[in-house]
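Note sheet for the following structure.
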Amino acid sequence: MAIVVQKYGGSSVADVEKLGRVADKVVAARRAGEDVVVVVSAMGKTTDQLLALAKQVDETPPRRELDMLLTTGERVSMALLSMAIQKRGVDAISFTGSQSGIITNDRHFDARIIEVRPHRIEDELARGKVVIVAGYQGMSYRREITTLGRGGSDTTAIALAAALGAARAEIYSDVDGVYSADPRVVPEARHLPELTYEQMQEMASVGAKVLNAQAVEFARRAGIAIHARSTFQPGRESVVRRAVDGGGTAVIGQKGIVRARVRDASALRDALAIASEYALPARDVSLESEGATMVLATSLAPDWAATRARLEREVPGIAMESGLGAASIVGGAVSEALLDVIAALGRREIVARGVVQNATRISALVREDDVDRAVQTLHEEIVAKE
Ligand code: ADP
Ligand code: ASP
Ligand code: MG
1 MAIVVQKYGG
11 SSVADVEKLG
21 RVADKVVAAR
31 RAGEDVVVVV
41 SAMGKTTDQL
51 LALAKQVDET
61 PPRRELDMLL
71 TTGERVSMAL
81 LSMAIQKRGV
91 DAISFTGSQS
101 GIITNDRHFD
111 ARIIEVRPHR
121 IEDELARGKV
131 VIVAGYQGMS
141 YRREITTLGR
151 GGSDTTAIAL
161 AAALGAARAE
171 IYSDVDGVYS
181 ADPRVVPEAR
191 HLPELTYEQM
201 QEMASVGAKV
211 LNAQAVEFAR
221 RAGIAIHARS
231 TFQPGRESVV
241 RRAVDGGGTA
251 VIGQKGIVRA
261 RVRDASALRD
271 ALAIASEYAL
281 PARDVSLESE
291 GATMVLATSL
301 APDWAATRAR
311 LEREVPGIAM
321 ESGLGAASIV
331 GGAVSEALLD
341 VIAALGRREI
351 VARGVVQNAT
361 RISALVREDD
371 VDRAVQTLHE
381 EIVAKE
């Protein structure tokens with residue numbers, strides 16, 4: 001029988017009523033004859049609430065204990081969903097990340113999956129059960145409980161799909177796929193029926209949270225097609241795969257950006273080492289004769305205040321410009337769009353504090369308050385005119 005992996009995000013399991021509707025969908029897939037593995041996120045905003053709770057106790061909580069705390073969120077939803085499915089007369093069993101054989105490196109908060117040994121899942125599928133897996137978590141080779149970074153349930157789903165040789169991975173959320181911009185910011189954004197792994201990975205890496213960047217990277221390596229769908233509004237989907245016809249351009253906004261400048265290569269090395277230690281994503285690193293700069297995405301870091309203090313203490317001469325955001329264009333139009341991007345922002349009096357371009361992306365750094373307007377402008381003037 002074909003194995004299908006379905007992943008349901010936080011908004012899809014936000015309350016008991018929604019959880020019941022998810023159970024109905026899972027039961028329908030099982031009754032249609034598929035072997036179903038379901039990966040769940042924590043209910044609603046649980047992970048944010050648990051993080052806030054930890055910070056009430058300690059502004060910079062020990063990362064190991066933070067992972068112990070955060071993994072409880074997914075444990076609640078996996079158990080409740082398993083109960084709901086069993087109540088509907090279908091056999092089901094829930095497993096934590098470690099029970100599912102998800103082995104990670106020994107980093108806390110942003111661990112990477114290094115191996116998946118899904119024997120218990122395979123055994124239970126063979127017994128005819130639906131298997132529910134807690135997303136976002138694993139166990140390090142030192143037998144410590146780890147988490148996979150924000151949005152990491154997507155990664156669990158893809159890693160399991162690869163290890164189980166699944167026919168496909170279905171990622172269910174509150175949007176019916178990937179759009180040319182976040183539909184909350186640009187209501188007229190276009191639905192993109194197909195995207196390449198590379199485009200989706202680049203979009204995710206600059207803040208399009210509809211799919212997690214690491215998950216897309218795993219899918220690319222394993223050749224697994226990702227079907228992004230809406231849980232409660234079935235119909236359309238976006239498929240992320242190797243070769244697509246056309247693709248499309250997308251605009252992505254990201255807030256909480258800090259640009260750091262350092263004096264030389266050795267200071268750059270120190271700054272990047274600290275960023276990595278604190279799970280702070282750094283990108284667009286550039287080293288020139290006058291010094292080096294990098295872009296830090298602080299909203300993804302567990303404790304930016306502590307990271308900043310450490311950078312200021314240990315990297316002499318570091319200068320940080322905060323209150324920034326980024327508006328990025330990814331996809332088809334990028335190769336010719338640089339001057340259009342600068343001109344379009346200029347016409348709306350949005351000051352570009354910096355622009356970087358590579359083969360697949362243009363990112364403009366703007367004031368944080370201007371991010372949404374910059375995304376709307378670039379969508380209107382570049383994507384919509386394609
Ligand atoms: P889940 O909790 O199910 O994992 P997420 O909140 O992580 O869901 O991702 C879905 C959200 O991603 C949507 O609500 C949407 O606002 C946002 N999003 C950002 N960029 C895009 C985009 N380009 N296309 C679709 N959704 C996007
Ligand atoms: N619950 C985790 C988070 O909020 C993982 C996920 O939703 O994918 O980041
Ligand atoms: Mg998500």
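Residue numbers (UniProt numbering): 1 to 386.
Ideal placement from N, C-alpha and C gives every residue a C-beta, glycine not left out.
Could I get the ranges of all uninterrupted alpha helix (DSSP H) runs contained in the segment 246 to 321, with 4 residues as the minimum, in chain order?
265 to 277 and 304 to 314
Compare the Cα-Cα distances from residue 62 to each of 278, 354 and 308 and report the closest residue.
Numbered from its first residue, the sequence shown carries residue 62 at position 62. In terms of Cα proximity to residue 62, the closest of 278, 354 and 308 is 278.
Starting from residue 131, follow the beta strand (DSSP E) in both directions and report where the run begins and ends.
Looking up residue 131 in the sequence shown gives position 131. Residues 130 to 134.
By Cβ distance below 6 Å, which residues in the same chain neighbour residue 186 in space, the five residues on each side in sequence not counted?
The residue you call residue 186 lines up with position 186 of the sequence shown. The residues are 376 and 379.
Can residue 151 be considered in contact with the ligand MG, in the sense that its beta carbon sits closer than 6 Å to one or more heavy atoms?
Position 151 of the sequence shown, counting from 1, holds the residue named residue 151. Indeed, a heavy atom of the ligand MG lies less than 6 Å from the Cβ.
Quick one: any contact between the segment 224 to 241 and the segment 162 to 171, if contact means 3 or more CB pairs under 8 Å?
yes
So what does DSSP say about residue 194, is it helix, strand or coil?
Counting from one through the sequence shown, the residue named residue 194 turns up at place 194. Residue state, collapsed to three classes: strand.
Between which two residues does the alpha helix (DSSP H) carrying residue 71 extend?
One-based indexing of the sequence shown puts residue 71 at position 71. Unbroken alpha helix (DSSP H) run through residue 71: 63 to 87.
Tell me the DSSP secondary structure of residue 95 in three-state form.
Start at 1 with the first residue of the sequence shown, and residue 95 comes out as number 95. Strand, per DSSP.
With the cut-off set at 7 Å, would you say residue 383 and residue 196 are in Cβ contact?
As a first step, residue 383 is located in the sequence shown; it is residue number 383 there, counting from the start. As a first step, residue 196 is located in the sequence shown; it is residue number 196 there, counting from the start. Not closer than 7 Å, so no.
Is it right to say residue 119 is buried, meaning 16 or more other beta carbons lie within 10 angstroms of its own, or is it exposed?
Mapped onto the sequence shown, residue 119 falls at position 119. Per the 10 Å Cβ criterion, exposed.
Return yes when the Cβ of residue 100 is within less than 7 Å of the Cβ of residue 92, no when it is not.
On the sequence shown, residue 92 is found 92 positions in, with the first residue counted as 1. On the sequence shown, residue 100 is found 100 positions in, with the first residue counted as 1. No.
Would you kindly report the start and end of the unbroken beta strand (DSSP E) that includes residue 368?
As a position in the sequence shown, residue 368 is number 368, starting the count at 1. Secondary structure note for residue 368: it is in no beta strand (DSSP E), with a DSSP letter that is neither H nor E.
Taking 6 Å as the cut-off, does the CB of residue 331 come closer than this to any heavy atom belonging to the ligand MG?
Looking up residue 331 in the sequence shown gives position 331. Every heavy atom of the ligand MG is 6 Å or more from the Cβ of residue 331, so no.
Alpha carbon to alpha carbon, how far is residue 321 from residue 64?
Looking up residue 321 in the sequence shown gives position 321. Looking up residue 64 in the sequence shown gives position 64. Cα to Cα, the separation comes out at about 30 Å.
Fully enclosed by the segment 152 to 214, which alpha helix (DSSP H) runs are 4 residues long or longer?
153 to 164 and 197 to 205
According to DSSP, simplified to helix, strand and coil, what is residue 349?
The residue given as residue 349 occupies position 349 in the sequence shown. The answer is coil: DSSP assigns residue 349 none of H, G, I, E or B.
How about the segment 64 to 73 and the segment 132 to 151: do they share at least three Cβ pairs that are nearer than 8 Å?
yes
Candidates 12, 209, 317 and 219, of which the one nearest residue 261 by Cα
Counting from one through the sequence shown, the residue named residue 261 turns up at place 261. The shortest C-alpha separation from residue 261 is found at 317.
Helix, strand or coil at residue 48 [DSSP, three-state]
Taking the first residue of the sequence shown as 1, we reach residue 48 at position 48. In this structure, residue 48 counts as helix in the three-state DSSP scheme.
What three-state label does DSSP hand residue 33 in the structure shown?
Stepping through the sequence shown from its first residue, residue 33 is reached at position 33. Note: residue 33 maps to coil in three-state DSSP.
Please find out if some non-hydrogen atom of the ligand ADP comes closer than 6 Å to the beta-carbon of residue 174.
Residue numbering aside, residue 174 sits at position 174 when the sequence shown is read from its first letter. Under cutoff, so the answer is yes.
Candidates 18, 124 and 372: which alpha carbon is nearest residue 232's?
The sequence position of residue 232 within the sequence shown is 232, counting from 1. If we check each option's Cα against that of residue 232, 18 comes out closest.
Less than 8 Å between C-beta atoms, sequence neighbours within five positions excluded: which residues of the same chain meet that for residue 193?
On the sequence shown, residue 193 is found 193 positions in, with the first residue counted as 1. Only 177, 236, 237, 238 and 239 meet the Cβ criterion.
Exposed unless 16 or more other CB atoms sit within 10 angstroms - verdict on residue 234
Position 234 of the sequence shown holds residue 234. By the Cβ-count criterion, residue 234 is exposed, with fewer than 16 other Cβ atoms from all chains shown falling within 10 Å of its own Cβ.
Could you check if residue 73 belongs to the surroundings of the ligand MG, using beta carbon to heavy atom distance under 6 Å?
Numbered from its first residue, the sequence shown carries residue 73 at position 73. No, Cβ of residue 73 sits at least 6 Å from all heavy atoms of the ligand MG.
Throw me the rounded Cβ distance for the residue 60 and residue 270 pair, which I believe falls under 8 Å.
Position 60 of the sequence shown holds residue 60. Position 270 of the sequence shown holds residue 270. Rounded, the Cβ-Cβ distance is 20 Å, inconsistent with contact.
From this set, 122, 130, 76 and 125, which residue's C-alpha is nearest residue 27's C-alpha?
If you number the sequence shown from 1, residue 27 lands on position 27. Per the Cα distances, 130.
Given a threshold of 16 other Cβ atoms within 10 Å of its Cβ, counted over all protein chains shown, does residue 217 qualify as buried or as exposed?
In the sequence shown, the residue the question calls residue 217 occupies position 217. Within 10 angstroms of the beta-carbon of residue 217 lie 16 or more other beta-carbons, which makes it buried.
Could you check how far apart the C-beta atoms of residue 292 and residue 265 are, in whole angstroms? I think they sit under 8 Å.
Counting from one through the sequence shown, the residue named residue 292 turns up at place 292. Counting from one through the sequence shown, the residue named residue 265 turns up at place 265. Their Cβ separation, rounded to whole angstroms, is 7 Å, which keeps residue 292 and residue 265 in contact under 8 Å.
Tell me which residue opens and which closes the alpha helix (DSSP H) that residue 126 is part of.
The residue you call residue 126 lines up with position 126 of the sequence shown. Going by DSSP, residue 126 is part of the alpha helix (DSSP H) stretching over 119 to 126.
Looking at the strands, I want to know which residues DSSP matches up with residue 139.
Translated into positions along the sequence shown, residue 139 becomes position 139. Per DSSP, 103 and 145.
Straight-line gap, residue 417 to residue 48 (C-alpha atoms, nearest Å):
Within the shown structure, residues of the chain are numbered from 1 to 386, placing residue 417 beyond reach of any answer.
Look at the Cβ atom of residue 116, then the Cβ atom of residue 163, and state whether they are nearer than 7 Å.
Working through the sequence shown from its first residue, we reach residue 116 at position 116. Working through the sequence shown from its first residue, we reach residue 163 at position 163. Cβ distance < 7 Å, so residue 116 and residue 163 count as in contact.
If you measure from the CB of residue 286, is any heavy atom of the ligand ADP nearer than 6 Å?
Working through the sequence shown from its first residue, we reach residue 286 at position 286. Between the ligand ADP and residue 286, a heavy atom-to-CB distance of less than 6 Å is absent.
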